[in-house]
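Trainee:
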Amino acid sequence: MATSFLTLGLALKGVYHYDFKIKHITAWLLAITFPLIIYAMGLTNFIQIISLAGALGFGVNGVIYIFTYWAARKKGKRKPEYTLSKTFALPVSVLLIAVFIFGLFYTISNY
882 MATSFLTLGL
892 ALKGVYHYDF
902 KIKHITAWLL
912 AITFPLIIYA
922 MGLTNFIQII
932 SLAGALGFGV
942 NGVIYIFTYW
952 AARKKGKRKP
962 EYTLSKTFAL
972 PVSVLLIAVF
982 IFGLFYTISN
992 Y
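Here my numbering is used: the first residue of the sequence shown is 882, the next is one more, and so on.
(1) Check I947 in the structure and name its three-state DSSP category.
(2) For the 8 Å Cβ check, are there 3 or more pairs between the stretch 892-902 and the stretch 911-925?
(3) Hey, L985 and A934: beta-carbon distance below 9 Å or not?
(4) In angstroms, rounded to a whole number, what distance separates the CA positions of A970 and R959?
(5) If you pair each beta-carbon of the stretch 945-954 with each one of the stretch 972-983, do three or more pairs fall below 8 Å?
(6) When DSSP labels each residue in this structure, what does S966 get in the three-state scheme?
(7) Look up F981 in the DSSP assignment and say whether it is helix, strand or coil.
Here is the structure:
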């Protein structure tokens, strides 16, 4: 598990540095900030840390996926193979974002 966390940390630093054009030192600081905050919160139980990281990661990714869907729908130039009507997609998107945000706050409040 430790090697996978180190690998993911290096990959995250690379994303900040190469994709977002953030300086090397700043990218490194961004990559290590959240694990240090989690440790400073007193979470030293490995299972709790994995639980928190997973909940935060999947919650943030879920919201990003929904915004990506709407951006692709608005800016996309290719006709998709299928489409969802706005009357269906908008309420479902709002509900999913609310669920993801509730899950984030619920997870954080339990630690």
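All C-beta atoms in this analysis are idealised placements derived from N, C-alpha and C, irrespective of residue type, glycine included.
Mentor: Straight from the coordinates:
(1) The residue labelled residue 947 in the question sits at position 66 within the sequence shown. In this structure, I947 counts as helix in the three-state DSSP scheme.
(2) Touching, yes.
(3) One-based indexing of the sequence shown puts residue 985 at position 104. One-based indexing of the sequence shown puts residue 934 at position 53. No, the Cβ-Cβ distance between L985 and A934 is not below 9 Å.
(4) Reading the sequence shown from its first residue, position 89 is the one you call residue 970. Reading the sequence shown from its first residue, position 78 is the one you call residue 959. When rounded, the distance between both Cα atoms is 19 Å.
(5) yes
(6) Working through the sequence shown from its first residue, we reach residue 966 at position 85. In the structure shown, S966 sits in coil (DSSP, three-state: anything other than H, G, I, E or B).
(7) One-based indexing of the sequence shown puts residue 981 at position 100. F981 falls in the helix class under three-state DSSP.
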